[in-house]
Amino acid sequence: MRRQSLLFEFGPHATEPAHRQVPRKVVMKKPLWILVAMLCFSVSTCGQDLDGKLLEAAKARNTAEVQKLLGEGADANAKDNAGWTALIWAAYFGRTDTVRALLEKGADVNAKGKDGMTALMNAASADYRDIVHSLLEKSADVNAKDNDGWTPLLWAAFSGRAEIVRALLEKGADVNAMDDSGKTVLMSAAVRGHADTVRALLEKGADVNAKSKAGRTALMSAADLGHLDTVRALLEQGADVDAKDKKGDTALRLAEKYKYSSIVALLRRAPPLPPKTGIKNRTASVPTTSPAATGPPAASELQPASSAPAGSQDLNKKLLDAAEAGDTAEVQSLLREGANPHAKGGYGNTALMGAAVRGHTETVRALLEKGAEVNAKGNTGRTALMEAALEGYTETVRTLLEKGAEVNAKDNAGWTPLFWAAFSRRTDTVRALLEKGADVNAKNKYDDTALIHAAYAGDTDTVVVLLEKGAEVNASDDMGKTALIEAARQGRTETVRALLQGGADITVRDRDGETALSGAEQHNYSDVIALLKTPPGLQSQKPKKPSTGIPDAPPGVTAPTSAPVPTGDEGLEKELAAQSFYRLGLNMRLMEVLWSHPGELAARCAVNLQQDLQKVAAPSDVMELANRAAIQLNLRPEERPDSVPILIRELRVRLDKLCTAQTEEQFFCAAGGFTYDLSLFGEDVKDPGHAKVSIEDGRRKTLLLVSALAAQCSATAGCKERALLYFSAVTNILKKEQLGPADGSLLVTVSENIGKALSSDER
C-alpha cells in the first residue's frame with residue numbers, strides 16, 4: 005500500500021500521474037543505469053520488468069502498449085502488490101479493447117486479487133456491459149466470491165446494474181447467493197433502492213423472504229431506508245410484512261420508526277397480487293389497496309363462480325366491467341341475459357365490490373335486487389362495505405347496511421369497515437357505521453383501533469366522534485403505542501388536545517419506553533410539547549408559540565432526547581468512530597462534487613478521507629482506492645486522468661459498502677454528505693435569481709432526507725441532542741410556505757452547526 009507521504013513527494017504540478025514518476029531526489033546516475041541494463045541479460049529479470057510495464061500500461065489504459073508488451077513476452081497473468089492482474093485493472097477502468105487483447109493472450113479470466121476481486125466483479129459493479137459479455141464468453145466464474153463473500157451478481161445488484169444482473173443470471177449466477185453476513189443479492193439491491201434490479205431478481209426466482217444472519221429481509225432493508233418503489237416491488241411479489249428480525253422489528257415498525265408515512269400506509273395496505281409463474285414465496289399480507297382502483301382486471305383473470313353456467317364467462321366479464329363503470333342499465337341487461345351476480349374477477353372481487361369502491365349506489369342497488377351476496381369477500385377478505393367505507397361513499401355504505409352488510413366484518417388483517425373509514429379520514433362514513441352498531445373498540449391483528457388510526461392521521465373530527473361513542477382513549481397496539489403517543493409523534497396538536505380532553509394518559513410508555521412527550525420532544529413539536537406540559541385544567545387554552553431565531557426551537561425547551569451514549573472508554577471509542585464516519589461521508593461528497601474544480605480542496609478531502617479510513621480500520625482495498633484518489637487529485641484538473649470519475653465512483657461504492665455494514669455508523673456517514681448538500685441548497689435559496697421550480701424540487705428532496713435523518717438520529721446512540729435539534733430546525737424551515745434569502749442563510753448556518761455537533765467533541 006502506498007503511504008500518504010507519496011502525495012507530497014511528487015508535487016502538485018507533475019506532468020504524469022504521480023504513481024508513475026520518479027522523485028528527483030532518487031534519480032539514478034548513468035553508471036547505475038548501465039548496471040541495470042547489464043542485469044537485463046537475465047531473462048527472468050527482464051521478464052519481471054516487462055510484467056511491471058504491462059501492469060502500468062493496463063492502468064494507463066494504453067491498449068497498443070499492452071499488445072506490444074504481450075508480443076515481447078510479458079506475462080498476461082502477472083500481478084502487482086495488491087494481487088491484481090492487468091485484466092483486473094483493464095476491467096476496472098472499462099477498457100474493452102485492452103480486456104480482449106489480454107484474453108486473446110491467455111489472461112486468466114478468473115484471477116483474483118488479494119481482496120478476492122475478479123475482473124468480472126469490477127466490470128459488473130461499474131456497468132461495463134461489453135466487458136461483462138467478453139468475460140462471460142471466456143467462461144468467467146459468475147459465482148466467484150471476494151473476501152467478503154460478494155459475487156459478481158451481488159456487486160451488480162448493489163450498484164443497480166439491472167441489465168448486467170440479467171446477463172449474469174442467464175449464465176447461471178446464483179440468484180440467492182449470500183455474502184459472509186448472510187445478506188442476499190436481493191437485499192443488496194433493496195438496501196440501495198434499486199427497484200428495477202429488485203424486479204429483475206424476483207423474476208428469476210430470488211427468495212423474497214430470505215433472512216440475513218441478523219434476521220433482516222429485503223423488505224425490512226428497503227423500509228428501513230425509505231425506498232418506497234422498492235417496498236412496492238417486494239410487496240407485489242409476496243414479501244412477508246409480518247417477518248421479524250432478531251431485534252423483533254418488522255418492516256412496518258422500521259418505517260414507523262423513521263416516519264416514512266407513504267411506506268407505512270403501503271405496508272398496512274399491502275397488496276397480495278395473483279400468483280405468477282416462477283415467483284417464489286407468495287404469502288398473504290395485510291390490508292390491500294383496492295384492486296379495482298388500479299384498473300379493471302384482465303379478462304384472463306376472471307374467476308367465475310362454480311355455479312356459473314357453462315359459456316357465461318364472457319357475460320360475467322362484461323358484468324364486472326359495467327359494474328365498475330357504474331352503467332346500471334347495462335348491468336341490469338346483462339343480469340337478464342344470465343350473467344352471474346356472484347362471479348368474481350381479479351383479486352376475487354365481485355361486481356358489487358367494483359361498484360361499491362366507486363360509489364355507484366344505483367348500480368349497487370341493482371345488483372343487490374338480483375341477489376348479489378352483500379357480504380362476499382375478495383382474496384384479501386375485503387367486502388363491498390369495506391370498499392365503500394375506504395373511499396368515503398356514505399350513501400353507498402348506508403345502502404349496503406340496509407341490505408344486511410355485516411358492519412363488524414373483518415378482512416384478513418382484522419380491519420373492519422370502521423377501521424377503513426377512520427384510516428382514510430371519512431368522518432361522515434364513521435358516523436354512519438357507528439349508528440349501525442360498529443364496534444368502536446374493535447382491534448386488528450396489530451391490536452390497532454380505529455381511534456389509533458384516526459389519531460395517527462391527525463383527523464381530529466373523527467377522533468372526537470369516536471370518543472363520543474365510547475372509544476377507549478388509552479387502548480394500545482402491539483407496540484404499546486396509544487392514540488396520544490401516535491398523535492404526539494406526528495405533531496398533531498389539535499388531535500393531542502382532543503385526546504387529552506378525552507382523558508388520555510400522558511404517562512403511558514410504549515415498548516421502547518417512549519411517552520407522548522418524549523416522542524414530541526424528539527421531533528421538536530413545540531406546540532405539542534407545551535400542550536403536554538400544560539396542567540389538565542388549562543388544556544383548552546391555545547399555547548403561545550415563542551419567537552426564536554430557528555423555527556420551533558424555543559429557549560428553555562429541553563432539547564429532543566437522543567439515544568443514550570455509552571460512557572467510559574467504550575463510549576469514547578464509539579464517539580470517535582462516529583465522528584470519523586461523519587467526516588468520511590462529508591469528504592466523499594466533497595470529492596464527488598469538486599474533483600474537476602481547480603484548487604487543492606478535492607486533494608485535501610482525499611487526504612482527510614485516508615486519515616479517517618485508517619482510524620476506522622477500513623479494508624485494504626478501500627484504502628488503496630483512497631490513496632489512488634489522493635494521488636490523482638493532487639494533479640492539476642487538466643492533468644488528471646480520464647479515469648478519475650470512475651475511480652471516485654468506485655470509491656463511493658466501496659465506502660457505501662463499508663458504511664452499510666455498520667449498525668449505527670451508517671447514519672453518520674449519510675449525515676456527512678447531507679450537510680454539504682444542505683449547505684449548497686441554502687446557497688441556492690439565498691440567490692433570488694434561482695428558478696422557483698429548482699427550489700421547490702430541492703425543498704421536497706431535502707425535506708424527505710432530513711426527516712429520515714432526524715428519525716435515525718433520535719434512534720442512534722452517539723447522535724448528540726444538539727444535532728437532533730438542528731435536524732428538527734431544518735424540517736421546520738423547509739415546511740414554510742415560501743423560502744426566501746433569509747431562510748437560505750439560516751439553512752447554511754444550521755448545516756454548519758450540524759457538522760460541528762456530529763464531527764467534533766462540541767456539545
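Numbering of the sequence shown is given in the working numbering, commencing with residue 5 and proceeding in unit increments. Using N, Cα and C, we set each Cβ at its ideal position, and we do this for glycine too.
query                                                                                                                           : result
Length of the line joining the Cα atoms of S732 and C717                                                                        : 10 Å
Whether L404 touches A413 by CB criterion (8 Å)                                                                                 : no
Cβ contact (3+ pairs, closer than 8 Å) linking the stretch 197-208 and the stretch 675-688                                      : no
Residue closest to K250, alpha-carbon to alpha-carbon, out of G242, G186, G219, A417                                            : G219
Three-pair Cβ contact test at 8 Å for the stretch 642-651 versus the stretch 609-620                                            : no
Limits of the alpha helix (DSSP H) - the one that G75 falls within                                                              : 67-75
Cutoff 7 Å; reference V752; Cβ partners in own chain excluding five residues on either side                                     : S683, G686, E687
Sub-8 Å separation of N478 and V532 beta-carbons                                                                                : no
Which listed residue (K740, S624, A144) has its alpha carbon closest to that of T122                                            : A144
Cβ shell of V469 (< 8 Å), same chain only, five flanking positions each side left out                                           : T431, V434, R435, L438
Alpha helix (DSSP H) segment containing F672, residue limits                                                                    : 669-690
Straight-line gap, L371 to D325 (C-alpha atoms, nearest Å)                                                                      : 13 Å
Cβ pair L54, G77 closer than 8 Å                                                                                                : yes
Burial state of S788 (16 or more Cβ within 10 Å)                                                                                : Outside the displayed range of the chain (5 to 767) lies residue 788, so it cannot be described from this structure.
Reduced DSSP secondary structure (H/G/I, E/B, other) of K348                                                                    : strand
Range of the contiguous alpha helix (DSSP H) that encloses G209                                                                 : Segment: none, G209 is in no alpha helix (DSSP H) and carries neither H nor E.
Separation of N85 from E628, as counted between CA atoms                                                                        : 11 Å
Beta-carbon proximity of L74 to A80, cut-off 8 Å                                                                                : yes
Boundaries (first-last residue) of the alpha helix (DSSP H) holding M182                                                        : From DSSP, M182 is part of no alpha helix (DSSP H); its letter is neither H nor E.
Contacts around S624, its chain only, beta-carbon distance under 8 Å, and the 5 residues preceding and following it disregarded : M5, A86, K118, D119
K83 - partner residues in DSSP beta bridges                                                                                     : T89
Unbroken stretches of the alpha helix (DSSP H), 4 residues or longer, contained in the stretch 392-471                          : 398-406, 421-427, 431-439, 454-461
Cβ contact (3+ pairs, closer than 8 Å) linking the stretch 670-681 and the stretch 732-750                                      : no
Whole-number beta carbon distance between M483 and R257, since they are thought to touch under 8 Å                              : 7 Å
Inside the stretch 561-645 only - alpha helix (DSSP H) runs reaching at least 4 residues                                        : 572-598, 605-619, 624-637
Assumed close pair I650, G98 - CB separation to whole angstroms, cut-off 8 Å                                                    : 6 Å
Where the alpha helix (DSSP H) through D101 begins and ends                                                                     : 100-108
Cut-off 6 Å between Cβ atoms - residues of its own chain near N757, not counting five sequence neighbours on either side        : Y730
Every unbroken alpha helix (DSSP H) inside the stretch 351-378 [4 residues or more]                                             : 355-360, 365-373
Short Cβ contact (8 Å threshold) for A442 with L422                                                                             : yes
Supposed close pair S129, A160 - CB separation, criterion 8 Å                                                                   : 6 Å
Inter-residue Cα distance where the pair is T387 and A475                                                                       : 24 Å
Cβ-Cβ separation, L707 to T735 (assumed contact under 8 Å), whole Å                                                             : 7 Å
Terminal residues of the alpha helix (DSSP H) in which H198 lies                                                                : Note, H198: premise wrong, no alpha helix (DSSP H); not H, not E.
Cutoff 6 Å; reference G153; Cβ partners in own chain excluding five residues on either side                                     : D183, D184
Y529 versus A259: straight-line alpha-carbon distance, rounded                                                                  : 20 Å
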